[in-house]
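Chains as they are written, first to last, in our numbering: chain H, 19 to 380; chain W, 2 to 475.
The next block holds one structure in the form of structure tokens; read it before the comments.
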Amino acid sequence: MRVRRALLIFAIAAAQFALFEIALRLWGHSEAAPSFQALFMPDPVIGYRLRPGARTRFVTDEFEASIAINAQGVRDDVAIGPKPPNERRIVILGDSLVLSVQVDLQQTFGRLLEARLNSGGGAIRYRVINAGVQGYGPVEELLFYRQYARAFEPDLVIATLFVGNDAEEAVASAPKLLGAARPLADALSNSMMTRLRRLVRRSMVLQLVRLRIVAVTDRLSNWIAPPEPPLQSYAEQPAARIAEGLRIARECVAAIAADAAAGGARTMVMLMPARFQLDDTDYGHLKRAVEGAGGKLVRDAATERFDRALAELPLPRFDALPPLRAALPGPDVFFQKTVHLTPRGHDVVARALEEFIRRQGL
Amino acid sequence: MVFNSLQFAWFFILVYALYRVLPHRAQNWLLLVASYYFYAAWDYRFVTLLAASTLVDYTCGRVLGAMQDERRRRLVMWLSIGFNLALLGFFKYFNFFADSFQALFAAIGWQVDDVTVRILLPIGISFYTFVTMSYVIDVYRREIEPERHLVDFAVFVAYFPHLVAGPILRATALLPQIARPRRISAEQIREGLWLMAWGFFQKIFVADNLAPVASHVFAPDTHATGVNVLLGTYAFAFQIYGDFAGYSNIARGTSKLMGIELIENFRFPYLVTTPQAFWRHWHISLSTWLRDYLYKPLGGSRGTAWQTRRNLLVTMLLGGLWHGAAWTFVLWGLFQGLLLILYRPFEPAFAALAGRRGPAAAVQRLAAWFVMFHLTCYGWLIFRAPSFATLREMTGSLFVNFAPATMDVTGLLVPLLLYTTPLVVVHLVEARADDVLVVPRLRMAVRYSVYVATLYLILLFGNFGGSDFIYFQF
Numbered sequence: 019m020r021v022r023r024a025l026l027i028f029a030i031a032a033a034q035f036a037l038f039e040i041a042l043r044l045w046g047h048s049e050a051a052p053s054f055q056a057l058f059m060p061d062p063v064i065g066y067r068l069r070p071g072a073r074t075r076f077v078t079d080e081f082e083a084s085i086a087i088n089a090q091g092v093r094d095d096v097a098i099g100p101k102p103p104n105e106r107r108i109v110i111l112g113d114s115l116v117l118s119v120q121v122d123l124q125q126t127f128g129r130l131l132e133a134r135l136n137s138g139g140g141a142i143r144y145r146v147i148n149a150g151v152q153g154y155g156p157v158e159e160l161l162f163y164r165q166y167a168r169a170f171e172p173d174l175v176i177a178t179l180f181v182g183n184d185a186e187e188a189v190a191s192a193p194k195l196l197g198a199a200r201p202l203a204d205a206l207s208n209s210m211m212t213r214l215r216r217l218v219r220r221s222m223v224l225q226l227v228r229l230r231i232v233a234v235t236d237r238l239s240n241w242i243a244p245p246e247p248p249l250q251s252y253a254e255q256p257a258a259r260i261a262e263g264l265r266i267a268r269e270c271v272a273a274i275a276a277d278a279a280a281g282g283a284r285t286m287v288m289l290m291p292a293r294f295q296l297d298d299t300d301y302g303h304l305k306r307a308v309e310g311a312g313g314k315l316v317r318d319a320a321t322e323r324f325d326r327a328l329a330e331l332p333l334p335r336f337d338a339l340p341p342l343r344a345a346l347p348g349p350d351v352f353f354q355k356t357v358h359l360t361p362r363g364h365d366v367v368a369r370a371l372e373e374f375i376r377r378q379g380l
Numbered sequence: 002m003v004f005n006s007l008q009f010a011w012f013f014i015l016v017y018a019l020y021r022v023l024p025h026r027a028q029n030w031l032l033l034v035a036s037y038y039f040y041a042a043w044d045y046r047f048v049t050l051l052a053a054s055t056l057v058d059y060t061c062g063r064v065l066g067a068m069q070d071e072r073r074r075r076l077v078m079w080l081s082i083g084f085n086l087a088l089l090g091f092f093k094y095f096n097f098f099a100d101s102f103q104a105l106f107a108a109i110g111w112q113v114d115d116v117t118v119r120i121l122l123p124i125g126i127s128f129y130t131f132v133t134m135s136y137v138i139d140v141y142r143r144e145i146e147p148e149r150h151l152v153d154f155a156v157f158v159a160y161f162p163h164l165v166a167g168p169i170l171r172a173t174a175l176l177p178q179i180a181r182p183r184r185i186s187a188e189q190i191r192e193g194l195w196l197m198a199w200g201f202f203q204k205i206f207v208a209d210n211l212a213p214v215a216s217h218v219f220a221p222d223t224h225a226t227g228v229n230v231l232l233g234t235y236a237f238a239f240q241i242y243g244d245f246a247g248y249s250n251i252a253r254g255t256s257k258l259m260g261i262e263l264i265e266n267f268r269f270p271y272l273v274t275t276p277q278a279f280w281r282h283w284h285i286s287l288s289t290w291l292r293d294y295l296y297k298p299l300g301g302s303r304g305t306a307w308q309t310r311r312n313l314l315v316t317m318l319l320g321g322l323w324h325g326a327a328w329t330f331v332l333w334g335l336f337q338g339l340l341l342i343l344y345r346p347f348e349p350a351f352a353a354l355a356g357r358r359g360p361a362a363a364v365q366r367l368a369a370w371f372v373m374f375h376l377t378c379y380g381w382l383i384f385r386a387p388s389f390a391t392l393r394e395m396t397g398s399l400f401v402n403f404a405p406a407t408m409d410v411t412g413l414l415v416p417l418l419l420y421t422t423p424l425v426v427v428h429l430v431e432a433r434a435d436d437v438l439v440v441p442r443l444r445m446a447v448r449y450s451v452y453v454a455t456l457y458l459i460l461l462f463g464n465f466g467g468s469d470f471i472y473f474q475f
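So, in structure tokens, the structure goes:
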């Protein structure tokens, strides 16, 4: 009787698993969806990168966008061939704020910048290459430049830093600079864990279950050892690793600039703000959350810290915060349910960036 | 410590493991210590209030039991009621009345000093003061014997499943269960686990997912059109139901696992056709408390029609104020009182309609349900509105700016349907069987299908970053 009952429960659980999987694949669009996860592939040096030739349509209740990855593994409809003599290439390195899966390629600030730079006609044609990858920080940007983006023969490299978390991500990813990604990837390549990961990545239900397990283990560890206040990059008294992260970020940008210069390209830095730096409601919520955890949130502290840390480098710095702030009040520059730019936000950044590039003679 | 937290999970596992191996008296000691720990997890300073309320009412009960002189007995009862109302009044309503008087004086040009001191609301005070008050009144009325064991009485007041958000228990129901050794049956475990799972579903899947949907519409300066106000109000109706009924079910389930039965607090309240039925199905422990200790002592329905209307209105006004120190709650109470008064002459007709068969009667019942459901929802609009100005604007939108073409399908309608449909389906099955515990009694395959689907829905779509239960603030 017990065996029959167990079999019945297993059969019901399996049948419902299949039903939820089908339903989620049909209607449950999110970054956990296998179609979205299929945009990425493992990389022995960087950890992961965009999968060449991948395509998907990303739909949520806030936005809908088509995403195509070209043969070189950057977001583009077409492959990037050899550079013609009359072409100037701008490569924008960065994270999800550059990749911008929330909008169509033509609406990204990279493409808008390209259109603006080419709008005057002339013999020189500009090509702006979106080399942003979800979740990248300064370390991955440097590795991606060396591994792939250098081959695009850029004339200008824009290293984009998201001030919200790039200091923390630099610390976490620093071992990759020593080549740590390779042995780990090799060791795991055929292991059970890798197979399990692949299985989880292919199932939307398992992806969601994985997120739940991560959330529970995080809560458990927070409960055992109370966490430090969140948003350390903005803390009045930040943890020591923030200074370390800023140092690593500065060294990575300097290395990108040196490599770019060796190839005859110039480099500039772009600082991207977090949504709460512009959204008062968001700021209120986070301020309370940080204060509730015993910290104090300083709204623009991370931007100022990155600005100071990078001041030592002889590179032009463009801060996207002032033009985005100047665009308010008005339609949203950030989406409500993600921390990414709306088409209007992209337009604001593209205009200000074009003006900056022209003014700096880049 | 909220039910939907890891802290509670560990707490309950530990307490339950000990509970199952201890003898009866030690179980009661364990429940007492665990309940005080549970309460102290919010704010240890308020434990003294809980202990004071317990000691005062235990003593009053013992004195009443020993006393024969009716005048003195009445005095003792009023001393106990006065003490509890003073606690409630000071901690829950002081700021409200101080602010209101200050605003009133300011309106007539008389500036007064800011007398408002910051008084924190001790969690669950409305619940445990009502529990202890009902005990003393019942002893005074000689409906129960005073409890002799202080530990048993303290467990009755502080019993952690019901301590902070009810159900508001009566001594007649709970004290005998605490006093006698408990046997836990397999059926109690099965039903208890289902009630807990269903309660978590109502809280994590329904209420916490609908909370941002409702908040979006009720936020100040939203200027939503009528159709979106309607959808936002539906969302809040299911949010508050999922939140409160979810808490009650987790409380009942937890208690069932320990062999102690708590009363049913909700019975498909949105399927009724009259306000009277609504209050027999919504927060049953509060409505019966108000009936027995306020409405009936005021005269109930024994006097003239006008006296009955007055008693209904006073009871519901105070019931509204019980929910919170804000004028919108008072207005909600007034609205509920007026509904009861207006429907009262037609109650026999509705009762007759419930017994009639045939398609015409079914259509009439459907129409009656539709009207009642929307009146209930309008009550929730009053209840949830952050201010009178917002309430006025939202009401205006419903009647003069409905604009159906502006319906927010993806932001309001889709989440509303997604998060309420499973709840409504299970309720219809329960209502058809007239049994809120019908699921554990279904055929094995169907029962397991419901169990597994409930767990999947919680796991895959539950909002695990959800908030405290709404009724904690009351």
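All C-beta atoms, glycine included, are put in the ideal place defined by N, C-alpha and C.
Is the beta carbon of residue j closer than 8 Å to that of residue i?
i	j	result
A338(H)	A370(H)	yes
L57(H)	I98(H)	no
F279(W)	M373(W)	yes
R43(H)	M288(H)	no
N312(W)	Y296(W)	yes
L174(H)	I108(H)	yes
Run through chain H and tell me which residues come within less than 9 Å of residue i, C-beta to C-beta.
i	result
M408(W)	None at all; the shortest Cβ gap to chain H is about 14 Å.
F465(W)	R230, A233, V234, R237
Could you have a look at residue i and say whether DSSP puts it in helix, strand or coil?
i	result
S249(W)	helix
A205(H)	A caution first: A205(H) carries a pLDDT of 48, below 50, which makes its placement in the model unreliable, though a value can still be read off. Residue state, collapsed to three classes: helix.
N5(W)	coil
A18(W)	helix
M336(H)	Per the sequence presented here, residue 336(H) reads as Phe, with Met not at that position. F336(H): strand per DSSP, three-state reduction.
A27(W)	helix
F269(W)	coil
R129(H)	helix
R326(H)	helix
R444(W)	coil
A225(W)	coil
L359(H)	strand
L299(W)	coil
Taking residue i as part of the beta strand (DSSP E), name the residues at either end of that continuous run.
i	result
R73(H)	73–77
E105(H)	105–112
Y144(H)	143–150
T285(H)	284–290
D209(W)	First-last for D209(W): 209–219, but that is the alpha helix (DSSP H), not the beta strand (DSSP E).
T178(H)	174–180
Going by DSSP, what residue range makes up the alpha helix (DSSP H) through residue i?
i	result
I179(W)	172–180
I285(W)	285–291
S81(W)	71–89
L313(W)	306–324
F157(W)	151–159
L1(W)	This structure cannot settle anything about residue 1(W), because the visible part of chain W is limited to 2 through 475.
Name, please, each residue of chain W whose Cβ falls closer than 7 Å to the Cβ of residue i.
i	result
Q34(H)	V453, A454, Y457
F38(H)	Y457, L461
V227(H)	L460
V223(H)	L461
Kindly list, in the order they appear in chain H, the residues whose Cβ is closer than 8 Å to that of residue i.
i	result
A446(W)	L26, I30
S216(W)	Simply none; closest approach about 11 Å.
Sort out for me which residues DSSP pairs residue i with in a bridge.
i	result
Y37(W)	Paired residues: none, contrary to the question.
A86(H)	R73(H)
M59(H)	R67(H)
L115(H)	According to DSSP, L115(H) bridges with nothing at all.
L315(H)	A253(H)
Taking 7 Å as the cut-off, does the CB of residue i come closer than this to any heavy atom belonging to the ligand NAP?
i	result
D44(W)	As far as ligands go, the structure on display features none, and thus does not contain the ligand NAP.
For a contact defined as C-beta to C-beta under 7 Å, what are the partners of residue i on chain H?
i	result
Y449(W)	L26, I27, I30
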